[in-house]
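Engineer: For the sequence shown, UniProt numbering begins at 1 and goes up steadily by one. Even glycine gets a Cβ: it sits at the ideal position worked out from N, Cα and C.
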Amino acid sequence: MEKIMIEGGHLLEGKVRINGAKNSAVALIPAAILADSTVTLDGLPNISDVDTLQSILEDIGAKVVQDSKQKIHIDPSSVVSIPLPNGKVQKLRASYYLMGAMLGKFKRAAIGLPGGCYLGPRPIDQHIKGFEALGAKVKNEKGALYLEAEELRGARIYLDVVSVGATINIMLAAVLAKGKTTIENAAKEPEIIDVATLLTNMGAKIKGVGTDIIRIEGVDRLHGCKHTIIPDRIEAGTYIIAAAAQGKEVVIDNVIPEHLESLLAKLREMGVAIEQHNDQLLIKPGEKLKSVDIKTLVYPGFPTDLQQPFTSLLTKSKGTSIVTDTIYTARFKHIDELRRMNAKVKVEGSAAIVTGTEKLEGAKVKVTDLRAGAALVIAGLMADGITEITEIDHIDRGYEDITENLRRLGAKIWREKVMESNETISMKGL
Ligand code: EPU
Numbered sequence: 001m002e003k004i005m006i007e008g009g010h011l012l013e014g015k016v017r018i019n020g021a022k023n024s025a026v027a028l029i030p031a032a033i034l035a036d037s038t039v040t041l042d043g044l045p046n047i048s049d050v051d052t053l054q055s056i057l058e059d060i061g062a063k064v065v066q067d068s069k070q071k072i073h074i075d076p077s078s079v080v081s082i083p084l085p086n087g088k089v090q091k092l093r094a095s096y097y098l099m100g101a102m103l104g105k106f107k108r109a110a111i112g113l114p115g116g117c118y119l120g121p122r123p124i125d126q127h128i129k130g131f132e133a134l135g136a137k138v139k140n141e142k143g144a145l146y147l148e149a150e151e152l153r154g155a156r157i158y159l160d161v162v163s164v165g166a167t168i169n170i171m172l173a174a175v176l177a178k179g180k181t182t183i184e185n186a187a188k189e190p191e192i193i194d195v196a197t198l199l200t201n202m203g204a205k206i207k208g209v210g211t212d213i214i215r216i217e218g219v220d221r222l223h224g225c226k227h228t229i230i231p232d233r234i235e236a237g238t239y240i241i242a243a244a245a246q247g248k249e250v251v252i253d254n255v256i257p258e259h260l261e262s263l264l265a266k267l268r269e270m271g272v273a274i275e276q277h278n279d280q281l282l283i284k285p286g287e288k289l290k291s292v293d294i295k296t297l298v299y300p301g302f303p304t305d306l307q308q309p310f311t312s313l314l315t316k317s318k319g320t321s322i323v324t325d326t327i328y329t330a331r332f333k334h335i336d337e338l339r340r341m342n343a344k345v346k347v348e349g350s351a352a353i354v355t356g357t358e359k360l361e362g363a364k365v366k367v368t369d370l371r372a373g374a375a376l377v378i379a380g381l382m383a384d385g386i387t388e389i390t391e392i393d394h395i396d397r398g399y400e401d402i403t404e405n406l407r408r409l410g411a412k413i414w415r416e417k418v419m420e421s422n423e424t425i426s427m428k429g430l
């Protein structure tokens, strides 16, 4: 077990390169089992959620060959539909994509309910509604979902809630179903387009991705292909916010700026100068940052995954800001930790009210979920003195080399082993 230590107050300068998108990768890996020959995925982020999914695929018979740090070849020809009731599937949320993929391929699946960050209630009723509409019988027993269909038939499915996971899962189940499926009120996130691009390159017939009506015509088989993952807009957003909070001049490399428009608009409102050059953004924070209100919405609205890091930045702004999360109304576990660092924030219902402070102060804080971890790292960069962040396995689920990247930008940040007796071994300077 490790913890992250930060000596705050050092300015960030230089360039950071963004990795492939976590929330694409975790859907693309299960999607690969729908093919009958090898799928090559390039640009994978080196994070523990990807390792876990790769390992689950091997458990069900896939041959996974690591070509380089970012590239894997998945040969799904020997995959079997064995039950996956618990264990690894509970380590992450995205294991639910195995439901759609296994149901699509084998017409049956038995999979434990997913884990992942606790952000308040995270039902999967819309996934189940979709599977049932396609003809599956779904039983929820002892923490696992049992899905079975004699055959899957295309259907018209209206999502009561705009859901990334349900949209992708229904696509995965429908691409090999008989006939036509329509997903209405579909989510439009770039990761959905990425998954649809892979499926299309595998031979699937999908139209309308990126709009709220997706039309799928089932095919008999899908074949292998090569696919390069899109850059991670949330990882990029995290470094952009860190640069706005504590940067001098930071270049964010390998981004699709159009995926980040809601964030960039809010930063400009705050007084941050942003220059765009093809797939790079140059971030130059202003002298004084103005307070702004944000409200998280489905894409292309402000992403809930950047709400927590953005709240840390707002502690530095002049005035009071209101942060409302309409996607996960209880995604505020980071607030108690920020308060330990002298932030003036209070939660009222689904909103956090942030009053700018002169300076945060380093403190011992604990990560409760992935993006809360990013929020605490950013707060630590801004704070006076030392911040000690524990439970960092949440951070490693979604950020590749975050400490190394920030150190290269000039931050004083390092990891230390947490000994059982609470003693630590310093890795500073290694
Ligand atoms: N919802 C339902 N029923 C459902 C599905 C969703 O009520 O069947 C609700 C959720 O409770 C939530 C809203 O609909 O209030 C949106 O949830 P969505 O299904 O879109 O979320 P998800 O697919 O479970 C993905 C990302 C999350 C990200 C959300 C929203 C993955 C693996 N996870 O989750 O990412 O916050 O979309 O954009 O793609 C993260 O990366 O830190 C993270 C949590």
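(1) Between the Cα of aspartate 125 and the Cα atoms of Val164, Asp49, Asn46, which residue gives the shortest distance?
(2) Could you check if valine 50 belongs to the surroundings of ligand 1, using beta carbon to heavy atom distance under 7 Å?
(3) For ligand 1, is there a heavy atom less than 7 Å away from the beta-carbon of isoleucine 294?
(4) By the DSSP assignment, the alpha helix (DSSP H) with threonine 52 in it spans what residues?
(5) Going by beta carbon distance, what residues of the same chain come within less than 8 Å of lysine 366, once the five residues before and after it are set aside?
(6) Between which two residues does the alpha helix (DSSP H) containing aspartate 125 stretch?
(7) So does the stretch 193-213 actually touch the stretch 47-59, counting three or more Cβ pairs closer than 8 Å?
(8) Just the Cα atoms here: how many angstroms apart are glycine 429 and arginine 407?
(9) List the residues that DSSP assigns as beta-bridge partners of aspartate 253.
(10) Hey, could you find the ends of the alpha helix (DSSP H) alanine 375 is sitting in?
(11) In three-state DSSP terms, what is proline 231?
(12) For the alpha helix (DSSP H) containing lysine 333, list its first residue and its last residue.
(13) According to the neighbour-count rule (16 or more other Cβ atoms, all chains shown, within 10 Å of its Cβ), is aspartate 232 buried or exposed?
(14) Check for me: the beta strand (DSSP E) holding histidine 73 runs from which residue to which?
(15) Just tell me which of Ile229, Ala411, Glu400, Gly210 has its CA closest to the CA of isoleucine 386.
(16) Along the chain, where does the alpha helix (DSSP H) that runs through serine 24 open and close?
(17) Using the three-state DSSP reduction, which class does leucine 152 fall into: helix, strand or coil?
(18) Is the Cβ-Cβ distance between lysine 333 and threonine 368 less than 8 Å?
(19) For a cutoff of 8 Å on Cβ pairs, would you count leucine 338 as touching chain D?
(20) DSSP three-state call for threonine 200: helix, strand or coil?
(21) If we count the other Cβ atoms within 10 Å of its Cβ and call it buried at 16 or more, is residue 459 buried or exposed?
(22) Out of curiosity, what's the CA-to-CA distance linking isoleucine 425 and asparagine 254?
(23) On the DSSP bridge list, what partners appear for valine 354?
(24) Which term fits glutamate 235, buried or exposed, when burial requires 16 or more other beta carbons within 10 angstroms of its beta carbon?
(25) Among the candidates Ala94, Ser262, Gln280, Ile4, whose CA atom is the shortest distance from the CA of isoleucine 168?
(26) Could you check if isoleucine 33 belongs to the surroundings of ligand 1, using beta carbon to heavy atom distance under 7 Å?
(27) Please tell me whether, using a cut-off of 7 Å, the distance from the CB of threonine 324 to the nearest non-hydrogen atom of ligand 1 is below it.
(28) In terms of residue numbering, what span does the alpha helix (DSSP H) encompassing isoleucine 168 cover?
(29) By alpha-carbon positions, which one of Lys137, Thr182, Gly43 ends up nearest to glutamate 150?
(30) So, at 7 Å on beta carbons, what are the nonlocal neighbours of lysine 105 in its own chain, with the 5 sequence-adjacent residues on each side left out?
(31) Got a sec: does ligand 1 put a non-hydrogen atom nearer than 7 Å to the Cβ of threonine 368?
(32) How many angstroms separate the CA atom of tyrosine 215 from the CA atom of valine 209?
(33) What I want to know is whether the C-beta of glycine 398 ends up closer than 7 Å to one or more non-hydrogen atoms of ligand 1.
(34) Out of curiosity, what's the CA-to-CA distance linking alanine 244 and glutamine 70?
(35) Which residue comes first and which comes last in the alpha helix (DSSP H) that contains glutamate 7?
(36) From which residue to which residue does the beta strand (DSSP E) around aspartate 160 run?
Structural biologist: Here's the rundown:
(1) In the sequence shown, residue 125 corresponds to position 125, counting from 1. If you compare the alpha carbons of Val164, Asp49, Asn46 with that of aspartate 125, the shortest gap goes to Val164.
(2) Here residue 50 is taken as the residue at index 50 of the sequence shown, counted from 1. No - ligand 1 has no heavy atom lying nearer than 7 Å to the Cβ of valine 50.
(3) For this step, residue 294 is matched to residue 294 along the sequence shown. Remark: the C-beta of isoleucine 294 is outside contact range of ligand 1, defined as less than 7 Å to any heavy atom.
(4) On the sequence shown, residue 52 is found 52 positions in, with the first residue counted as 1. Where threonine 52 is concerned, the enclosing alpha helix (DSSP H) starts and stops at 48-59.
(5) Within the sequence shown, residue 366 is the residue found at index 366, counting from 1. Hits under 8 Å: Glu337, Ile389, Thr390, Glu391.
(6) Residue mapping note: residue 125 aligns to position 125 of the sequence shown, counting from 1. Taken as a continuous stretch (DSSP letters only), the alpha helix (DSSP H) holding aspartate 125 covers 125-133.
(7) No: fewer than three Cβ pairs fall under 8 Å.
(8) Sequence index remark: in the sequence shown, residue 429 carries index 429 (1-based). Sequence index remark: in the sequence shown, residue 407 carries index 407 (1-based). Any reading at glycine 429 needs caution, since the residue's pLDDT is 41, under 50, leaving its predicted position unreliable; the model's value is listed next. Taking the Cα positions, glycine 429 is about 11 Å away from arginine 407.
(9) Locating residue 253 in the sequence shown gives position 253, counting from the first residue. Secondary-structure assignment with DSSP links aspartate 253 through a beta bridge to Arg17, Gln280.
(10) Within the sequence shown, numbered from 1, the residue matching residue 375 stands at position 375. For alanine 375, the enclosing alpha helix (DSSP H) begins and ends at 370-382.
(11) Along the sequence shown, one-based indexing puts residue 231 at 231. If DSSP states are grouped into helix, strand and coil, proline 231 belongs with the strands.
(12) Counting from one through the sequence shown, the residue named residue 333 turns up at place 333. Lysine 333 -> alpha helix (DSSP H) spans 333-340.
(13) Residue mapping note: residue 232 aligns to position 232 of the sequence shown, counting from 1. So aspartate 232 counts as buried.
(14) As a first step, residue 73 must be located in the sequence shown, where it is residue number 73. Looking at the DSSP string, the run of the beta strand (DSSP E) that includes histidine 73 is 72-75.
(15) As a working mapping, residue 386 is identified with position 386 in the sequence shown. Among Ile229, Ala411, Glu400, Gly210, the Cα nearest to that of isoleucine 386 is on Ala411.
(16) In the sequence shown, counting from the first residue as 1, residue 24 sits at position 24. Where serine 24 is concerned, the enclosing alpha helix (DSSP H) stretches over 22-31.
(17) If you number the sequence shown from 1, residue 152 lands on position 152. Three-state DSSP puts leucine 152 in coil, outside helix and strand.
(18) For the purposes of this step, residue 333 is identified with residue 333 of the sequence shown, where counting begins at 1. For the purposes of this step, residue 368 is identified with residue 368 of the sequence shown, where counting begins at 1. Yes; because the gap between Cβ atoms is below 8 Å, this pair is in contact.
(19) Given the protein chain composition of this structure (a single chain), no chain D is represented.
(20) In the sequence shown, residue 200 corresponds to position 200, counting from 1. DSSP places threonine 200 in the helix class (H, G or I) of the three-state scheme.
(21) No statement about residue 459 is possible, as the shown extent of the chain runs from 1 to 430 and does not include it.
(22) Start at 1 with the first residue of the sequence shown, and residue 425 comes out as number 425. Start at 1 with the first residue of the sequence shown, and residue 254 comes out as number 254. Summary for isoleucine 425: the model assigns pLDDT 49, below 50, so the residue's position carries little reliability; its value from the coordinates is reported in the next sentence. Taking the CA atoms as reference points, isoleucine 425 sits about 35 Å from asparagine 254.
(23) On the sequence shown, residue 354 is found 354 positions in, with the first residue counted as 1. In the DSSP output, where bridge partners are listed per residue, valine 354 has Ser321, Val345.
(24) For the purposes of this step, residue 235 is taken as residue 235 along the sequence shown, with counting starting at 1. With 16 or more neighbouring CB atoms inside 10 Å of its own CB, glutamate 235 falls in the buried class.
(25) Position 168 of the sequence shown, counted from the first residue, corresponds to residue 168. Nearest neighbour of isoleucine 168 by Cα position, chosen from Ala94, Ser262, Gln280, Ile4, turns out to be Ala94.
(26) Within the sequence shown, numbered from 1, the residue matching residue 33 stands at position 33. No; taking the cut-off as 7 Å, the Cβ of isoleucine 33 has no heavy atom of ligand 1 nearer than that.
(27) The residue given as residue 324 occupies position 324 in the sequence shown. No, the beta carbon of threonine 324 sits no closer than 7 Å to any heavy atom of ligand 1.
(28) For this step, residue 168 is matched to residue 168 along the sequence shown. Counting along the chain, the alpha helix (DSSP H) containing isoleucine 168 begins and ends at 164-174.
(29) Here residue 150 corresponds to residue number 150 of the sequence shown, with the count starting at 1. Of the candidates Lys137, Thr182, Gly43, the one whose C-alpha sits nearest the C-alpha of glutamate 150 is Lys137.
(30) Translated into the one-based positions of the sequence shown, residue 105 becomes position 105. Counting only Cβ-Cβ distances below 7 Å, and skipping sequence neighbours, we find Ile33, Leu34, Leu176.
(31) Residue 368 sits at position 368 when you count from the first residue of the sequence shown. No; taking the cut-off as 7 Å, the Cβ of threonine 368 has no heavy atom of ligand 1 nearer than that.
(32) Locating residue 215 in the sequence shown gives position 215, counting from the first residue. Locating residue 209 in the sequence shown gives position 209, counting from the first residue. Residue identity check: residue 215 is arginine in the sequence provided, not tyrosine. Going from the Cα of arginine 215 to the Cα of valine 209 covers about 8 Å.
(33) Mapped onto the sequence shown, residue 398 falls at position 398. When distances are taken from the beta-carbon of glycine 398 to the heavy atoms of ligand 1, the shortest one is below 7 Å.
(34) Locating residue 244 in the sequence shown gives position 244, counting from the first residue. Locating residue 70 in the sequence shown gives position 70, counting from the first residue. The alpha-carbon atoms of alanine 244 and glutamine 70 are separated by roughly 29 Å.
(35) Position 7 of the sequence shown, counting from 1, holds the residue named residue 7. Going by DSSP, glutamate 7 is part of no alpha helix (DSSP H) but of the beta strand (DSSP E) stretching over 2-7.
(36) Within the sequence shown, the letter at position 160 stands for residue 160. DSSP places aspartate 160 outside any beta strand (DSSP E), giving it a letter other than H or E.
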